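Peer 1: For the sequence shown, position 32 matches number 32 in the working numbering, and the numbering has no gaps at all. One structure is given below, represented as structure tokens, and several questions about it will come after.
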Amino acid sequence: MVDSTDLRILTLLQQDGKMKTKEISARLGLTITPVHERIKKLERGGYIDHYTAIVNRKMIGLNMLAFCSVSLKNHQKAFIQKFESDIKHLKEVVECYHIGGMFDYLLKVIVKDMDAYQAFISTKLADLENIGNVQSSFVMSEIKHSSQLPT
Numbered sequence: 001m002v003d004s005t006d007l008r009i010l011t012l013l014q015q016d017g018k019m020k021t022k023e024i025s026a027r028l029g030l031t032i033t034p035v036h037e038r039i040k041k042l043e044r045g046g047y048i049d050h051y052t053a054i055v056n057r058k059m060i061g062l063n064m065l066a067f068c069s070v071s072l073k074n075h076q077k078a079f080i081q082k083f084e085s086d087i088k089h090l091k092e093v094v095e096c097y098h099i100g101g102m103f104d105y106l107l108k109v110i111v112k113d114m115d116a117y118q119a120f121i122s123t124k125l126a127d128l129e130n131i132g133n134v135q136s137s138f139v140m141s142e143i144k145h146s147s148q149l150p151t
């Protein structure tokens, strides 16, 4: 279980994963040792999953962001597991959610441009077994993009 101090530490680390224990301690008004121990406890407990850098996709030429809604033809367990296993190997799919509603899955797809998206759909996604229907939505502009969870 986490307390309010742990939540404040998590908030600070989400804002800057490279923030030093010394700076966190100063912001919280605590000494370094207990803050260090709390961070290690949060890591061991799975509250901190991993550390990463968030790369500006446009700076590396990945200008198209699309959401792809997918329906499967067959909903037997083996077919679902096969789809989920296959989708994990498609590098263009950066997020995949099994959802309720009109579609079975929502994919977040990032590629260079429309030509790359068309190639992804026709040569990779269409090659997966059990795809029934695909509907694409293209992002015109990003209003809010955050990896920070509300704490």
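C-beta atoms are modelled at their ideal positions from N, C-alpha and C, and glycine is treated no differently. Since the model is a prediction, treat every value here as computed from it, not as a measurement.
Mind pulling the alpha helix (DSSP H) runs of 4 or more residues that sit fully within the stretch 9-80?
Peer 2: Counting whole runs of 4 or more residues, the stretch 9-80 contains the alpha helix (DSSP H) stretches 21-28, 32-44.
Peer 1: Helix, strand or coil: how does DSSP classify S85 here?
Peer 2: It is helical.
Peer 1: In this structure, how does DSSP classify Q148 when only helix, strand and coil are distinguished?
Peer 2: In this structure, Q148 counts as coil in the three-state DSSP scheme.
Peer 1: So N130 and F79 are in contact, right, with Cβ under 8 Å, and what is the actual spacing, rounded?
Peer 2: Yes, N130 and F79 are in contact; Cβ-Cβ is about 5 Å, under 8 Å.
Peer 1: Please return the same chain residues whose Cβ sits closer than 8 Å to the Cβ of T31, not counting the five positions on each side in sequence.
Peer 2: For T31, where only same-chain residues beyond five positions count, the Cβ hits under 8 Å are S25.
Peer 1: Indicate the three-state DSSP secondary structure (helix, strand or coil) for F138 in the structure shown.
Peer 2: F138: strand per DSSP, three-state reduction.
Peer 1: Work out the CA separation of T33 and T5 for me, nearest whole Å.
Peer 2: Taking the straight line from one Cα to the other gives about 14 Å.
Peer 1: Please state the DSSP three-state secondary structure of K112.
Peer 2: Three-state result, K112: coil.
Peer 1: What do you get for M64, buried or exposed, if any count of 16 or more other CB atoms within 10 angstroms of its CB means buried?
Peer 2: Under this definition M64 is a buried residue.
Peer 1: Counting C-beta neighbours from all protein chains within 10 Å, is the total for R44 16 or more, i.e. buried, or is it exposed?
Peer 2: It is exposed - the Cβ of R44 has fewer than 16 other Cβ atoms within 10 Å.
Peer 1: Measuring straight from C-alpha to C-alpha, what distance separates L13 and S147?
Peer 2: Those two C-alpha atoms are separated by around 11 Å.
Peer 1: On the three-state DSSP scale, how would you describe L7?
Peer 2: Helix, per DSSP.
Peer 1: Ends of the beta strand (DSSP E) at E92?
Peer 2: Counting along the chain, E92 falls outside any beta strand (DSSP E), and DSSP gives it neither H nor E.
Peer 1: So, with DSSP's three-state summary, where would you put I143?
Peer 2: Note: I143 maps to coil in three-state DSSP.
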